[in-house]
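Q: Protein sequence lines, in the order shown, are assigned to chains D and H.
Numbering follows the numbering used here, in which position 211 of the first sequence is assigned residue number 211; successive positions increment by one, without gaps.
Numbering follows the numbering used here, in which position 65 of the second sequence is assigned residue number 1065; successive positions increment by one, without gaps.
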Amino acid sequence: MTPAEPHLYLQAQIRWHRLEIAFWVATLLPFLLFKSYLVLASQIAITGLFALSLDLILGYAGIVSLGHAAFFGLGSYAAGIVSKHGWGEPLTGLVIAAAVAGLVGYAASFVIARFRHLALIMITLGMGLLLHEAANSASWLTGGADGLQGVRMWPLFGYFKFDLYGVTAYTYSLAVLFLIFLAARRLIHSPFGLSLRGIRENPVRMPAIGAPSRAHIRKVYTISAAIAGVAGALLAQTTQTVSLEVLSFQRSADVLVILILGGAGRLYGGILGAVIYMVARDQLSGFNPQYWYFWIGIMLIVVVMFLPNGILGGLARFGASSRAKAA
Amino acid sequence: MNAPALSTRGLDKSFGSLVVASGIEFALPQGARYALVGPNGAGKTTLINLMTGMLQPDAGRIFLGDEEITSLRPEERVKRGLVRTFQINSLFPRLSALESVTLAVCERQGHGGAIWRSLPAYREAVDEAYAILLSLRLGNDCYRPTRELAYGQQRLLEIALALATRPRVLLLDEPAAGVPIEGSAELFDAISGLAEHISVLFIEHDMDIVFRFASRIIVMVGGSVLVDGTPEEIAADPRVREVYLGKKRHG
């Protein structure tokens, strides 16, 4: 019983696990083994980043959203429109997209912080639909239902062109995903991250220990919106087009499914969910193009029934019980 | 003599036609140990909810020391030192006890919004949280998730969370609720061992404990204060015998 004990316990929680390092090394495999799938890999990295942004609010702070595509779409359009009007530099495009989505997220957060549960689902759903229709009708700006044409990206760092095979796209998306992941990992292990988990675990108790829950919620919602905006911008830049689909309800629902499949509140859940979901969609739509959602539906039901904490939660439990048996 | 640590003037609250607080005049001196008793539905918890800002009164004013706090939000009252615990455990089930108390310490120190440095970097906060847990004999189990702790330990964690906010006034809503008799005496030993500058008001049904630990007793019935006095006065008061003690004895 030494005074250092609580520090060792907390240090152990933030230490990098071997599996984490293995995971990030594995993200490089597509360059060697699946060269013809780099475009898909890039989309997976983008969706994983989008799911990570949702994880910060849903998995950590317990704030449900059924309209998170609003911020993804805002980022997409911001990056696309900037490029269409003559500024095709990718990195500043990301920054602009993050600022636009973050600003709208900050404004929305004043409403979000006042509600929970069902009311929140309805409000976020409503905001998503609202933005979708706004983009649809503002066709002078967004191209409306035809999509935004004329997005031309300059080479990354003035050198790496966005090629047809997705080499630059995947490198770029993966690097951005990794950097934002590092920041998110820092955030959740900070006192702020602990406060977010407090809000998720017991929103009633938080004010009783003097915590300004609403200010915390506004902060994390703004951060989450900005990250979703970056994900959207990556999609616009790597595909050099923006369609209305980026703001669709389908996209909001998909990212929620992906996060719950993978395991919310675990940082890696969204990325793992994106890998499984998008590879499954790619494969299933190959042999069953019309009905592939049937299989996704089954997968979702099975996972929620048998692995309430998602695939990652199930793996963690399996790992813990096999360690216990070995001991 | 200073102003009372906590006081109310003419506090009223009703839900529709149900009056839960009516004209409550209450004063808790600095460093006092007061008990709040009364039959179920007398409005004891409601009074705590009003004083801590979880309910807004229809009329009346609340003072913490000299400062009026009637319109402050709950977390602002906590920042000023008015802190409560809950009759039914209101904890963070999937956080460990150490994390929970560290959370409360960090929020008190204003680090709750700090994003960039990791939690272990806040060494003093962690040390303080651990010291609180040790003082309540939760040191050995503080790494386990709260939901896995024994019920009595969870009751202690309720108090640990409150202490982490460094209260000046502590309102304990049946701190020993659901704890077996022997455990509840132990729990109240911990409470009476609190620093003297902390003023304490506790709700408790066990009259033996009330008489042992309270210097003064406030009896509530039907949303108003029936009588308040020293334990001897309360024990001798015929009205109290009738509405509370008597009823309990015959029941």
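Here a beta-carbon is modelled for each residue, glycine too, at the ideal position from N, C-alpha and C.
Nothing here was measured: the structure is a model prediction, and the numbers come from that model.
Near Ala97(D), which residues of its chain fall below 7 Å by C-beta distance, leaving aside the five closest residues on each side in sequence?
A: Same-chain partners within the cutoff: Gly75, Ala78, Ala79, Gly229, Val230, Gly232 and Ala233.
Q: Could you name the residues of the segment 1184-1217 of chain H whose beta carbon sits closer than 7 Å to any beta carbon of chain D, in the order they occur along the chain?
A: Cβ contacts with chain D: none found.
Q: Any idea if Thr1230(H) is buried or exposed, counting beta-carbon neighbours within 10 angstroms, 16 or more meaning buried?
A: Exposed: under 16 other Cβ atoms inside 10 Å.
Q: Apply the 10 Å Cβ neighbour rule to Glu1204(H) and answer buried if 16 or more other Cβ atoms are within range, or exposed otherwise.
A: Glu1204(H) comes out buried.
Q: For Gly1229(H), which residues does DSSP report across the bridge?
A: Its beta-bridge partners are Ile1217(H).
Q: What are the start and end residues of each continuous beta strand (DSSP E) run of 3 or more residues lying completely inside the segment 1061-1134 of chain H, in chain order?
A: Correct list: 1082-1084.
Q: According to the Cβ coordinates, are Leu187(D) and Gly263(D) closer than 8 Å?
A: Cβ distance not < 8 Å, so Leu187(D) and Gly263(D) don't count as in contact.
Q: Can you check DSSP and say which residues form a bridge with Ile1024(H)?
A: Answer is Leu1011(H).
Q: Per DSSP, what are the beta-bridge partners of Asp1173(H) in this structure?
A: Answer is Ile1203(H).
Q: Can you have a look at Leu29(D) and say buried or exposed, based on whether 16 or more other CB atoms are within 10 angstroms of its CB?
A: Leu29(D) is exposed by the Cβ-count criterion.
Q: Please classify Ser1014(H): is it buried, with 16 or more other beta-carbons within 10 angstroms of its beta-carbon, or exposed?
A: Exposed: under 16 other Cβ atoms inside 10 Å.
Q: Under 8 Å between C-beta atoms, does Ser190(D) make it to chain H?
A: Chain H contact via Cβ: present.
Q: Measure how close the beta-carbons of Glu1107(H) and Ser83(D) come, nearest whole angstrom, since I'm counting them as under 8 Å.
A: Not really, about 43 Å apart at Cβ, beyond 8 Å.
Q: Taking DSSP's pairing of strands, which residues face Leu156(D) in a bridge?
A: DSSP output for Leu156(D) lists Phe160(D) as bridge partner(s).
Q: Which residues, in order along the segment 194-207 of chain D, keep a beta-carbon less than 8 Å from a beta-carbon of chain H?
A: Hits within the stretch, in order: Leu194, Ser195, Arg197, Gly198, Glu201, Asn202, Val204, Arg205, Met206 and Pro207.
Q: With 8 Å as the threshold, decide whether the Cβ of Pro1120(H) is near any Cβ in chain D.
A: By this cut-off, Pro1120(H) is an interface position.
Q: In chain H, what lies closer than 7 Å to Ala253(D) by C-beta?
A: Going along chain H, no residue has its Cβ under 7 Å from Ala253(D), so there is no contact; the nearest lies around 26 Å.
Q: For chain D, is any of its Cβ atoms less than 8 Å away from the one on Leu1055(H)?
A: No, its Cβ sits nowhere closer than 8 Å to a Cβ of chain D.
Q: Do Leu1055(H) and Thr1046(H) have their CB atoms nearer than 8 Å?
A: Yes, the pair counts as a contact, with Cβ atoms nearer than the cut-off.
Q: On the premise that Gly48(D) lies in contact with Gly270(D), defined as a C-beta separation below 8 Å, what is that separation, rounded to the nearest angstrom?
A: 6 Å between Cβ atoms; contact.
Q: Starting from Leu1036(H), trace the alpha helix (DSSP H) both ways and give me its first and last residue.
A: Not the alpha helix (DSSP H): Leu1036(H) falls in the beta strand (DSSP E), residues Arg1033 to Val1037.
Q: Anything in chain H within Cβ reach of Gly75(D), meaning under 8 Å, just list it in chain order.
A: Result: empty, since nearest Cβ-Cβ is about 21 Å, beyond 8 Å.
Q: Excluding the 5 residues preceding and the 5 following Asn1049(H) in the sequence, name in chain order all residues of the same chain whose CB lies nearer than 7 Å to its CB.
A: Leu1055.
Q: Along the alpha helix (DSSP H) that carries Ala22(D), what are the first and last residues, could you check?
A: Segment Arg18 to Ala26, the alpha helix (DSSP H) holding Ala22(D).
Q: Could you check the C-alpha separation between Ala1176(H) and Val1225(H) for me, to the nearest Å?
A: Roughly 23 Å separates the two Cα atoms.
Q: Per DSSP, what kind of secondary structure is Pro1145(H) in: helix, strand or coil?
A: DSSP places Pro1145(H) in strand when its eight states are reduced to three.
Q: Which of the three DSSP states, helix, strand or coil, is assigned to Pro3(D)?
A: For Pro3(D), the predicted model reports a pLDDT of 45, less than 50, meaning its position is unreliable; a value from the coordinates is still stated below. If DSSP states are grouped into helix, strand and coil, Pro3(D) belongs with coil.
Q: Report the rounded CA-to-CA distance for Phe162(D) versus Ser321(D), giving the unit in angstroms.
A: C-alpha separation (whole angstroms): 46 Å.
Q: Determine the chain D residues that contact Glu1075(H) at a beta-carbon separation under 7 Å, and present them in chain order.
A: Per Cβ cutoff of 7 Å: Pro207, Gly210, Ala211 and Pro212.
Q: Indicate whether at least one CB of chain D lies closer than 8 Å to the CB of Arg1137(H).
A: Chain D, which has no Cβ nearer than 8 Å to the Cβ of Arg1137(H), makes this no.
Q: Nearest to Trp114(D) by alpha carbon, out of Thr168(D), Thr239(D), Gln13(D) and Ser213(D)?
A: The sequence given here places Arg at residue 114(D); Trp does not occur at that position. It is Ser213(D) whose Cα lies nearest to the Cα of Arg114(D).
Q: Check the Cβ of Phe1026(H) against every Cβ in chain D and list those closer than 8 Å, keeping chain order.
A: The contacting residues do not exist; Phe1026(H) stays about 20 Å from chain D at best.
Q: Taking 8 Å as the CB-CB limit, is Tyr366(D) close to chain H?
A: Nothing can be reported for residue 366(D), as the shown portion of chain D is limited to 1 through 327.
Q: Can you round the beta-carbon distance between His132(D) and Leu247(D) to whole angstroms, since I take them to be within the 8 Å contact cut?
A: About 4 Å; that satisfies the 8 Å criterion.
Q: Residues in the same chain with beta-carbon distance under 7 Å from Gly88(D), minus the five sequence neighbours each way, listed in chain order, please.
A: Within the same chain, Gly88(D) has close Cβ partners Arg152, Met153 and Trp154.
Q: Answer with buried or exposed for Tyr159(D), where buried requires no fewer than 16 other C-beta atoms within 10 angstroms of its C-beta.
A: Classification of Tyr159(D): exposed, given that the 10 Å Cβ count is below 16.
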